[in-house]
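One structure is given here, and the rest of the page talks about it.
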Amino acid sequence: MKRLRIGLVGCGNWGKNILRDLISLGCEIHVVARSKESKQRAKQYGATKIVSSVGELSMPHGFIVATPSATHADVIDQLIGEYPGIPIYTEKPLAIDLAGAKRLARKAAGTLFVMDKWRYHAGIHALRDIARKKEFGRVLGLKCTRVQWGKPHDDADCIWHMTPHDLAITLEILELIPEPVFARGEIVGEEATGILGVLGSNPWVVITVSCRYPDRKREIRLFCEEAVAVLDDAYGDHISIALSSSLNKKDSPAIISRLISTKMPLKKELEAFVAFLRGGPPPKSSSAEGALIVKRISQLRKLANLD
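Residue numbers (the UniProt record's numbering): 1 to 307.
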């Protein structure tokens, strides 16, 4: 089996984890790093080669983009221009403006993909299987909560950084992302710090995102006719299923606990990309799906008067 050479553009606090996992998969990694700190991380985590610009890379089998969100579109444009046809796997979001996302999806359909790690999470797969098999009847709705204190990154507001996760989860579970119908924004000063969004009606989706919650919380609730299935911990080893048949009980619901794998989704999505470079099926999510997520965020922001 040939050893793959992958160009990793960016080696920040998240990029170093990508580098670590790619090396564990037997890949040769050439890192584009500009700052002193990024170069130190690339060296510490085992990069084969460290360069300062995309143009200095030896012809790779594929690229991974792990730069700040606001730079994704420009970096991807440069990669497409200098290395046409080479597959690109970019961290979410595809872009932070709809026009840029649409342009990239058109330019690199079939070779550009978005790293939506939650689509590889075992807990999301467990909820997806319940929904698709109609194990507990028809799906009524999905509620996603993603709140914490403080912005994840400084290059864009928390809505651009956090909401893509929940829309990707929606896509994985429901196989679609409904049209937004309502949204309210949260603003501190001149910056958006959160959003409450409602999408669709049958099924409905409610998304709550905020960087002004003192308590960090990640929760996904799938509402079915006969039960509510919940993933309430990104690192948990189970989902909980509360049966509607126990609603008449005053003390507590009847709960089914279903074990799930705790394998990290980042490693799983990188395995999918490596397999694709070796001739396997494409990874989730396509550039078109990435552009759809950007479109839905743009629609939610418009409904909430944030843009």
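Ideal placement from N, C-alpha and C gives every residue a C-beta, glycine not left out.
Since the structure is predicted, the reported quantities are computational estimates derived from the model, not experimental observations.
> Is it a yes or a no for the stretch 134-142 touching the stretch 254-273, going by three-plus beta-carbon pairs under 8 Å?
Replying inline: No: the two stretches stay apart, fewer than three of their Cβ pairs being nearer than 8 Å.
> Under a three-way DSSP split, which group does Glu175 fall into?
Replying inline: Correct three-state label for Glu175: coil.
>> DSSP has Ala227 in a bridge; who is on the other side?
In response: Paired residues: Leu243.
>> At the level of alpha carbons, what is the spacing between Ser245 and Ala227?
In response: In a straight line, the C-alpha of Ser245 is about 8 Å away from that of Ala227.
> Does the stretch 56-74 touch the stretch 154-162, meaning 3 or more C-beta pairs lie closer than 8 Å?
Replying inline: Pairwise C-beta distances place the stretch 154-162 in contact with the stretch 56-74, as three or more of them are shorter than 8 Å.
> Which full runs of the alpha helix (DSSP H) of 4+ residues lie inside the stretch 257-283, going along the chain?
Replying inline: You should have 265-277.
> Any idea what DSSP makes of Tyr83, helix, strand or coil?
Replying inline: Correct three-state label for Tyr83: coil.
> Where does Leu22 sit, in a helix, a strand or coil, going by DSSP?
Replying inline: Three-state result, Leu22: helix.
>> Short of 6 Å in beta carbon distance, which residues of its chain neighbour Glu191, apart from the five on each side in sequence? Order them along the chain.
In response: Asp157, listed in sequence order.
> Does the count of Cβ pairs from the stretch 169-180 and the stretch 80-89 closer than 8 Å reach three?
Replying inline: No: the two stretches stay apart, fewer than three of their Cβ pairs being nearer than 8 Å.
>> Using only CA atoms, which one of Lys117, Asp116, Val139 lies nearest to Leu127?
In response: Distance from the Cα of Leu127 is smallest, within the candidate group Lys117, Asp116, Val139, for Val139.
>> Which runs of the alpha helix (DSSP H) at least 4 residues long sit entirely within the stretch 26-73? Give them in chain order.
In response: Qualifying alpha helix (DSSP H) stretches, in chain order: 36-44.
>> What does the alpha-carbon distance come out to for the pair Trp204 and Arg5?
In response: Taking the straight line from one Cα to the other gives about 43 Å.
>> Using a Cβ-Cβ cutoff of less than 6 Å, which residues in the same chain neighbour His61 once the five nearest sequence positions on both sides are dropped?
In response: Excluding sequence neighbours, His61 sits near Leu4, Arg5, Leu277.
> I think Val54 touches His30, with their Cβ atoms under 8 Å apart; what is that distance to the nearest whole Å?
Replying inline: Wrong, their Cβ atoms sit about 10 Å apart, outside the cutoff.
>> Would Asp166 and Val230 qualify as a contact pair, given that the criterion is a beta-carbon distance under 8 Å?
In response: No.
> Where does Gly15 sit, in a helix, a strand or coil, going by DSSP?
Replying inline: Gly15 falls in the helix class under three-state DSSP.
> Where Ser252 and Leu196 are concerned, what is the direct C-alpha to C-alpha distance, given to the nearest angstrom?
Replying inline: In a straight line, the C-alpha of Ser252 is about 29 Å away from that of Leu196.
> So Val9 and Val75 are in contact, right, with Cβ under 8 Å, and what is the actual spacing, rounded?
Replying inline: Between Val75 and Val9 the Cβ distance is about 6 Å, and since that is below 8 Å, they are a contact.
> How about Lys95 and Trp14: are their beta carbons less than 8 Å apart?
Replying inline: The residue you asked about is not Lys; residue 95 is Ala in the sequence shown. Their beta carbons are not under 8 Å apart, which means Ala95 does not touch Trp14 by this criterion.
> Which two residues bound the contiguous beta strand (DSSP E) that contains Lys143?
Replying inline: For Lys143, the enclosing beta strand (DSSP E) begins and ends at 139-149.
> Of the choices Tyr45, Ile23, Ser285, whose alpha-carbon is the least far from that of Thr111?
Replying inline: Taking only the C-alpha atoms, the option nearest Thr111 is Ser285.
> Of the residues Arg301, Lys107, Val206, which one's Cα is nearest the Cα of Gly81?
Replying inline: Residue Lys107 is the option with its Cα nearest to Gly81.
> How many Å lie between Val147 and Lys2 at the Cα?
Replying inline: Spanning the two alpha carbons is a distance of roughly 43 Å.
> Using DSSP with H/G/I as helix, E/B as strand and the rest coil, what is Asp215?
Replying inline: Reduced to three states, the DSSP call for Asp215 is strand.
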